[in-house]
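Protein chains in written order, with our numbering: chain A, 1 to 388; chain B, 1001 to 1447; chain C, 2001 to 2343.
Where is the CB? At the ideal position from N, CA and C, for every residue including glycine.
This structure is a prediction, so every number in the text was calculated from the model and none was measured.
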Amino acid sequence: MKHLTKNDRLLFIFFTIMVLAGPIILAPFGAGYPDLLQRFAIFGLFAVGFNILFGMTGYLSFGHAAFLGVGSYSAVWMFKLLTMNVIPALFLSVVISGLFALLIGFVSLRRSGIYFSILTLAFAQMSYNLAYSVLTPITNGETGLQLNLSDPRILDAANTTGSIPSTNLFGLTMNSTAKFELLGLVFQFNVGFYFCALILIAGFYIAMRIARSPFGLMLLAIKTNQTRLNYTGVNTRPYTLAAFVISGMYAGLAGGLMAITDPLAGAERMQWTASGEVVLMTILGGVGTLLGPVLGAGFIKYFENIFSKINDSVLESWFSFLPEGLSDAMVFVLHFFVGKGWHLTLGLLFMLVVIFLPGGLMEGGTRLYNAFRSKDTKSSKDEPKAAE
Amino acid sequence: MSRITTTRRGLLKGGATLGAGLALPTIFTSPAAAYLNEPKGSTVTLGFNVPQTGPYADEGADELRAYLLAVEHLNGEGDGGMMNTFSSKALKGNGILGKKVTYVTGDTQTKSDAARASAKSMIEKDGAVMITGGSSSGVAVAVQALCQEAGVIFMAGLTHSNDTTGKDRKANGFRHFFNGYMSGAALAPVLEKMYGKDRRAYHLTADYNWGWTQQESIAAATEAKGWETVNNVTTPLTTTDFSSYVAPVLNSGADVLVLNHYGGNMINSLTSAVQFGLRDKVVNGKNFEIVVPLYSRLMARGAGENVKGIFGSTNWHWSLTDAGSKAFVKSFGEKYGFPPSQAAHTVYCQTLLYADACERAGTFNPCGVVEALEGFKFDGLGNGATEYRAEDHQCFKDVLVVKGKENPTSEFDVLEIVEVTPREQVEYAPDHEMFSGGALGTCNPGA
Amino acid sequence: MDAILLQILNGLDKGSAYALIALGLTLIFGTLGVVNFAHGALFMIGAFCAVTLQKVFNLYSVVIDPTKTDFLGNPLKVKVPYVETWFGEMAGQAIINWSVPLAILVAIPVMVTIGYVMERGLIKHFYKRPHADQILVTFGLAIVLQEIIKAFYGANPIPTPAPDVFKGSFDFGVLIGFDENSIIYPYWRLIYFVFSALVIGLVFAFLQFTTFGMVVRAGMADRETVGLLGINIDRRFTLMFGIAAAVAGLAGVMYTPINPPNYHMGMDFLVLSFVVVVVGGMGSLPGAVLAGFLLGVLESFASMNEVKTLLPGIDQIIIYLVAIAILLTRPRGLMGRAGVMED
């Protein structure tokens, strides 16, 4: 812990507790069910990894979803061919996505700025388009790569149950859940979630160590002024490439986890919208901060999964306590923002956050914290962190 | 360094202990359920998973309307719709098995991942015993597999790929909608009658699973009638401007263009083909013709005047005059003010069929429902005598061959029925080569 | 040979849409330094100007026709557009028929206003902010605009045909000595090509030959110095934003007969037009136009069956492949300047 400050340690402990207590904290918000919790952890990990590249070096990749997709495909192939144990699957997804990132990074990092962004975008879109069509023998195209009863799974015992076995960690199945009911709330503790959560915590710790290491300082120096570094005789390429590969491996790991919690890999995971999503998560949460990307990921996934499920009848039940005319009016107005209109709400929130909180959600948190903390100290309105 | 190591190890240990405890989940979920999400109270929850955003949002919205109508009818509200004409009389209008029907909705975004996430939340959070919906085959196959793994019933919505009940068939999944093979088998005789035996067809095919199976089916069926397939060109799903694919068609010696496209692709390729004036041309001494094997009225509206006179097939159309269709069009039309689409029809039927199967089985247990649906023969749901085949969970019924109407009287009056192809003509063996390679497996009750 | 000529024609036509959108994007980027992810949405709104005008012309009064019945068996309500009642059936039909070309007149003021409001109300506050923030806010705006259109018009495409006189296609092949039907091309697509060439020409002429344009070009090259000369460059840049929006909107209006518009069409073009802009070189107007046409033509070639049998799936990736090749051989795209958006 040499390089970590006391604040870092506190942050890490806080983060760990919050993640592990996720099922309890999020249950009152309707988000305490395994699938969404898993998604929070997985996309949190994805965004943390993305931030190592974008937040620390300033290189904006618009093709990171490709690594996520490759990770998923590798994991599912492992489940099909070898065993339903998650360890080989995760191992392969990290390795393959790392290699893929090395290849793409090596080419793309020859350019910087928007030219780099477009190169990564081009690679990812090519992967997506090919995976959807001509690579169907490997990816199963439109319907996505799935497990079949007839898959070999050479390490596993012969399967005679007539149903596809579930993913497991040495016999501990990922989809087993323990439910508790308390105060009218159901708390669900799911093995898959805790597996993802532990990996997220480990990933967060590694990202923190990277940020505080000499390597991390070098990355920040690249972000601040790459030209100056080059003039002082530093070859920056190996550093940026290392950052690119590391964040590609994070993405691959996240993709592997997606396959573990839900053994299916579809091509649309690699589409530009998916790459854009992780960019949005990171910016929304706060570029370059450690916690921000995780927050941003949670924010977007919450909207996607919770707001899209609110339909008119749910709204009516919410406002049934109001007089009829009023409740109808409320339902009529809110109707546009939930259910099929959840995109609208998300778009509006993107705008509001970026207009009023230039540093993302993290800045919101900091402002709140400062407001509580220091009435006496002069308002330390530090200028927004420049991303470049 | 050392301190954090202990913490981490402690964490891992803690996790492992916790995990070991969780490995035996039944200890905690004390009143052991016979099957997943067994409805214990006075209500039963169904999950309606339809596209609410993205290019198929309008179809999803129409499906949702039909679901709400079905829920009303099941709960004994409204005029009962097709429940009155349905040949099975197990449904009494008091919910399902005496439990009031409630529902949750979700957005598939026409993406497998989003659709599975949404279905999972319905299963894990809302306790849905049945998931239904969808407007594309990719989503249907993905969600069907999920329902099989989780242990709930999946009643497919609009999915036309052979694979849904072919190589990707699942014991817990059922499809009422027809498929690519049936389209081909129904269309080919009509095309032969209208356009003759000696035709040369040029296929433009959406470059993914559904497109390929559809193209394969149509080509096989028309070739059996003596047609020749000159060329088959695949087009990327993301294509918006089809001009460069349409332009070379005229010069290829073909005199029929088959557009194996759906949704936005179909509208754009058909619009391009008409723009290029293909239909005004005479090739090989015959009028040049365009065929759209799978029609959707909602989507056909987007192509405007271009659909006039173009042949295709559809699962159901509101202008059918049997008692079931009339009852459905009436209750849908009176509630919403316009006629239902085929997507609305198929999901309404699926909901009724599921409810009826539960009643007949006397349980919501997926295995009981599967047993009740397998080989179930029924009538009165708008498609004539229909059977849910036990071997692949595909409905077998008549298929409609339709054509774009020349003189529509209203904006809904886009298609007219040319022929009702009888069931025998579109039937195939369960192990037909276009459908082989999959297995239903056994039903999974999830607990 | 005729097949190649045909695909060149196709490519130029495809390219003209890319070029128009990329031109607008570059105008905004070059003048204001803003990465505008809402540009696709502006294209879409342009298209919906045409849809709206068509809707307005089709506003109807209801006449009940007792001889026919609707789907529920009630007497059919025939909708008679007001324009037909006012101007007679013939003239009314003609007005409705010409709604797309007429929409151009509506789209220009509407789009300039939208552009102006957007710049003054939102974009202005983002000049000094990192590009990442600009992307997020304009992307958010694009979603909002898109969802508003969806709330009004639904998700399905809406047919907006060209006037009847432009229906059908023109046989080029015969004109230059090929067989009949070997090179045919729809009239409206030819019009689209000519129209975009005209718009591009006008924008360039405006920048090249007017004082206003000269100042803007000077501002693009060195904003500070122009500012120091006492010229209010900001106001001119705002107007350029309006012009860029109008260019995108016109591209949208004219595109509607080619493919029926839906609320999502802007997003479909967004990524592609960014690729075009970057391949052309950030901030270079001629580069954007050149890249637009180049990629359009190459895309058309890749869709040829002969090419596809040789390289399966090539039409899926050609644009991206070309983009990578160009960016690796020419570091700043075809005509980009050094130092623009490179850090």
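Tell me whether residue i, by its Cβ, gets closer than 7 Å to a heavy atom of the ligand FMN.
i         : result
C:Leu2285 : The ligand content of the structure shown is nil, which means the ligand FMN is not present either.
Between the Cα of residue i and those of the options, spot the shortest distance and give me the residue it belongs to.
i         : options                                    : result
B:Phe1454 : B:Ala1114, B:Gly1404, B:Asn1407, B:Phe1378 : This structure gives no information on residue 1454 of chain B, because the portion of chain B shown stretches from 1001 to 1447.
B:Arg1279 : B:Asp1255, B:Val1233, B:Asp1126, B:Phe1177 : B:Asp1255
A:Gly359  : C:Asp2315, C:Arg2129, C:Tyr2187, C:Gly2168 : C:Arg2129
C:Ala2221 : C:Val2194, C:Arg2337, C:Ala2022            : C:Arg2337
B:Glu1424 : B:Ala1186, B:Gly1054, B:Met1083            : B:Ala1186
A:Gly98   : A:Thr236, A:Gly252, A:Ala207, A:Gly285     : A:Gly252
B:Ala1140 : B:Thr1351, B:Ser1087, B:Asn1162            : B:Asn1162
C:Leu2250 : C:Gly2030, C:Val2062, C:Pro2109            : C:Pro2109
C:Val2062 : C:Leu2290, C:Val2080, C:Asn2074            : C:Val2080
B:Ser1119 : B:Thr1102, B:Val1101, B:Lys1100, B:Ala1142 : Per the sequence shown, the amino acid found at residue 1119 of chain B is Ala instead of Ser. Taking only the C-alpha atoms, the option nearest B:Ala1119 is B:Ala1142.
A:Phe79   : A:Asn168, A:Thr5, A:Gln38                  : A:Asn168
A:Leu90   : A:Leu219, A:Cys196, A:Phe303, A:Thr177     : A:Cys196
C:Leu2042 : C:Val2253, C:Phe2237, C:Ile2314            : C:Val2253
How close, in whole Å, do the beta carbons of residue i and residue j come, if the pair is a contact with beta carbons under 8 Å?
i         : j         : result
B:Leu1074 : B:Gly1095 : 6 Å
B:Leu1069 : B:Gly1081 : 6 Å
A:Ile42   : A:Leu257  : 5 Å
B:Pro1051 : B:Thr1102 : That pair is no contact at about 22 Å.
Is the beta carbon of residue i sitting closer than 8 Å to the one on residue j?
i         : j         : result
B:Ser1148 : B:Gly1441 : What sits at residue 1148 of chain B in the sequence shown is Gln, not Ser. Contact: yes.
C:Met2044 : C:Met2265 : yes
C:Leu2091 : C:Leu2053 : For clarity, residue 2091 of chain C is Ala in the given sequence; the question names Leu instead. It is not a contact, given that the beta carbons lie outside the stated cut-off.
B:Thr1164 : B:Leu1204 : no
A:Val76   : A:Ala259  : yes
A:Glu277  : A:Ile300  : yes
B:Asn1049 : B:Thr1108 : yes
A:Phe116  : A:Ser108  : yes
C:Ile2191 : C:Phe2166 : yes
A:Gly49   : A:Gly203  : yes
Would residue i pass as an interface residue toward chain C - the criterion being a Cβ-Cβ separation below 8 Å?
i         : result
B:Glu1305 : yes
A:Ile52   : no
B:Tyr1336 : no
B:Asp1113 : no
B:Leu1250 : yes
Does residue i get closer than 8 Å to chain A when you measure Cβ to Cβ?
i         : result
B:Thr1346 : no
C:Asp2133 : yes
B:Gln1214 : no
B:Phe1028 : Low confidence applies here, because B:Phe1028 scores a pLDDT of 38, under 50, leaving its location unreliable; read the following figure in that light. Yes, contact with chain A.
B:Asn1444 : yes
B:Pro1025 : In this prediction, B:Pro1025 has a pLDDT of 39, which is less than 50 and means its spatial position is unreliable; nothing more can be read from the coordinates.
B:Thr1205 : no
B:Glu1038 : no
C:Met2282 : yes
C:Gln2316 : yes
Does any CB atom of chain B fall closer than 8 Å to the CB of residue i?
i         : result
C:Ser2300 : yes
A:Asn7    : no
C:Gly2249 : no
C:Gln2093 : no
A:Lys378  : Its pLDDT being 47, under 50, A:Lys378 is placed unreliably in this model, and the value from its coordinates should be taken loosely. Taking Cβ atoms only, chain B never reaches closer than 8 Å to A:Lys378, which makes this a no.
A:Ser320  : no
A:Thr136  : yes
A:Ser213  : no
Quiz item: When Cβ atoms are compared, which residues of the segment 2039-2059 of chain C fall closer than 7 Å to chain A?
Solution: none
Quiz item: Just by C-beta distance, which residues in the segment 2136-2149 of chain C are closer than 7 Å to chain A?
Solution: Leu2136, Val2137, Phe2139, Gly2140, Leu2141, Ile2143, Val2144, Glu2147
Quiz item: Closer than 7 Å, Cβ to any Cβ of chain C: which residues of the segment 342-364 of chain A, in chain order?
Solution: His343, Leu344, Leu346, Gly347, Leu348, Phe350, Met351, Val354, Ile355, Pro358
Exercise. Compile a chain-ordered list of the residues in the segment 293-309 of chain A whose CB is closer than 8 Å to at least one CB of chain B.
Key: Glu304, Asn305, Ser308, Lys309
Quiz item: Relative to chain C, which residues along the segment 1254-1274 of chain B have a C-beta separation below 7 Å, given in chain order?
Solution: Gly1264, Ile1267, Asn1268, Thr1271
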